[in-house]
Amino acid sequence: MKPEPSIASLDRRDFLKVAAAAAGVASLGSANTAQAADTAPSGLIDTNVYLSRWPLRRLPLDETGALVAKLRANGVTQAWAGSFDGLLHRDIATVNARLADECRRYGDGLLVPFGSVNPKLPDWEDDLRRCAEEHRMPGIRLHPNYYGCKLDDPDFAKLLRLATKRGLLVQLVLIMEDRRMMHPLLQVEPPDLKPLADVVKKTPGLRLMLLNAMNVLRGQPLLNLLQAGEVCVEIAMLEGVGGVAGLLEKVPLNRVMFGSHAPLFYFESALLKLKESPLNEDQLRAIRCDNARRLLAKKS
Amino acid sequence: MNFDIWDVHTHLAGVPGTTPETRMAKLLEYADRMGIARLCVFMGMSWNYDPTPEFMRRSNDEVMQAVKRFPDRAFGFVYLTPKHTQASLDELNRCVRDGPMVGVKLWVAMHCNDPALDPLIARAAELKAVVTQHAWIKITGNLPGESTPMDMAELAARHPNATLICAHTGGDWERGIRAIRPHSNIYADINGGDPTAGFTEMAVRELGATRVLYGSDAGGRSFASQLAKVFGANIPDTAKQLILAENLKRLLRPILSEKGIKL
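Chain order of the listed sequences is A and B. For the first sequence, position 82 (counting from the first letter as 1) is numbered 82 according to the numbering used here, and the numbering increases by one without interruption. For the second sequence, position 72 (counting from the first letter as 1) is numbered 72 according to the numbering used here, and the numbering increases by one without interruption.
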């Protein structure tokens, strides 16, 4: 197989051609592709990828090497990776150790590990410590509905406080899949989000990113949450024609980031959403990379 | 490879605009950005689970209004309800036999395995109109009249000469694909669910690429997320082209030919 050219070696137009061709975007009309190539900035940070195995089926890209190749072929320059194992496993220390090791071994710096911490497990504070001190992770990824942890649980609030104290970015995953099609023995309801704005307000310095939020959080509840603190969203589960442009009519640009939810979702879904919406160069750059880069660089 | 793209499943609902024509124009703006050449559109500006004959006619008038403005880009499917058999047969004749529409859309008024559908399906087959039937398997519970792919399998067995399209492939596609697999006159429309990886690969493996159709469910869904199911799938380009347009062209060719429309 012919190796993909290094992103760093490409000028902006060539970069877009590589990314577009890999995504099938090149087939979508040469005029639009050329226009995108003129305006789209280089650099693409995917804030929402997973390693290891989805519990309910094998996925086409659930081998880390294959996922990395897909991400690279589509121009991803950094991918924030959680672990599917973090949903149900109880030996979280090994989940996070494997995640950190996998990110080191594959991708040559492409993958950035976001560890799991389940605040309903005994001595979870040490999992948090290991994420920060041993694995040098910049953030954690939480799935409270898979932990059986409500968002008004004092342990959840404590976890956010301690993570913030350690300067960790917190990713809160609202859902993993459409609840209508869940396995009958693994039906996991989305968390009740009503307490979240209050928890955010009571955690000064918290940097909170909501993953897979767009399917369950819209309208005023979304705006209230964004106004409660430094809260961001990504586009993996955003739907509707021209969805990204529609979102930007309601939500400040600096709160919106690129996320694919690969390999559970086809990576191309998120990438093509940036094409479907008419976005200017500033908007594209902010969503593709600048917002995520800035968020990760901040320390609480 | 440059792909020709025809979308088998779009709506006027969920699209900005105050008239059918302006909504169709907006939908086509987005379609143009994604390189989609043709859209099949059905149901009107607003929806009703259990439409009266009057509502049904109004919906179809709105779609015909929208399609009339863009005859080279959009095909209309007539929205029918088996709850009102004669009104639906009349509507089928008005919109398909005597009008511009080329397919039928059935939604959630009644389970599609009910014998009440038989006259509608038989007439659609006579007119060479394809029939799109909404189908889901929801672990959270289907609507009272909401069909499943298993219901469609029963319908297909009674109407082997009809061309049936299983919209959403049942949502729960791993079960939906299995349910329709034995019936070669049911086609899997992959639109409307999340872009879950592996969906299209399984559909092609189990049904063959000739039985899989690209659709989006726009405006409620994005074109992007649904196109990704094809572009992102690990299948040959030849299979992608079948799914993106060639299969639908093949299914529509008989009725388009009768209407004097050349592809």
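C-beta atoms are modelled at their ideal positions from N, C-alpha and C, and glycine is treated no differently.
- At a cut-off of 8 angstroms, the C-beta of B:Ile139 has a neighbouring C-beta in chain A.
- Looking at the backbone, the Cα of A:Asn215 and that of B:His168 are separated by about 18 angstroms.
- Of all alpha-carbon atoms in B:Glu126, B:Ile139, B:Ile121, B:Thr140, the one lying nearest the alpha-carbon of B:Ile165 is that of B:Ile121.
- Where A:Gln220 is concerned, the enclosing alpha helix (DSSP H) starts and stops at 219 to 228.
- Of all residues in the segment 194 to 208 of chain B, only Asp194, Pro195, Thr196, Ala197, Gly198, Glu201 come within less than 8 angstroms of chain A when Cβ atoms are compared, listed by chain position.
- Proximity of A:Val216 to chain B, defined by a Cβ-Cβ separation below 8 angstroms, is not satisfied.
- Counted as a single uninterrupted DSSP element, the beta strand (DSSP E) harbouring A:Asp46 occupies residues 45 to 51.
- For A:Gln171, no alpha helix (DSSP H) run applies; the uninterrupted beta strand (DSSP E) run containing it begins and ends at 169 to 173, by DSSP.
- Counting only Cβ-Cβ distances below 7 angstroms, B:Val108 has no contacts in chain A at all, with the closest Cβ about 14 angstroms away.
- Contact check for A:Pro195 against A:Leu151 passes: the beta carbons are separated by less than 8 angstroms.
- The beta-carbon of B:Tyr30 is placed less than 8 angstroms from the nearest beta-carbon of chain A.
- In this structure, DSSP gives A:Gly86 a helical state, which the three-state scheme calls helix.
- In the three-state reduction of the DSSP assignment, A:Ile140 falls in the strand class, which pools E and B.
- Contact with chain B is absent for A:Arg53, since none of that chain's Cβ atoms lies less than 8 angstroms from the residue's Cβ.
- Taking the beta carbon of B:Asp172 as reference, the chain A residues within 7 angstroms of it are Met181, listed in sequence order.
- The beta carbon of A:Phe114 sits closer than 7 angstroms to the beta carbons of Trp80, Ala81, Gly82, Met137, Gly139, Ile140, Arg141, Gln171 from its chain, once the five residues preceding and following it are set aside; these are given in chain order.
- For the 8 angstroms CB-CB criterion, A:Leu174 and A:Leu211 form a contact.
- Around the Cβ of A:Lys275, a 10 Å sphere holds 16 or more other Cβ atoms; the residue is buried.
- Judged by DSSP in its simplified three-state form, A:Gln78 adopts strand.
- Take B:Arg250, set aside five residues on each side of it, and no residue of its chain has a beta-carbon closer than 7 angstroms to its own.
- A straight-line Cα-Cα distance of about 25 angstroms links B:Pro149 and B:Gln241.
- The DSSP-derived three-state label of B:Leu164 is strand.
- Taking 8 angstroms as the threshold, the shortest C-beta distance from B:Met150 to chain A does not fall below it.
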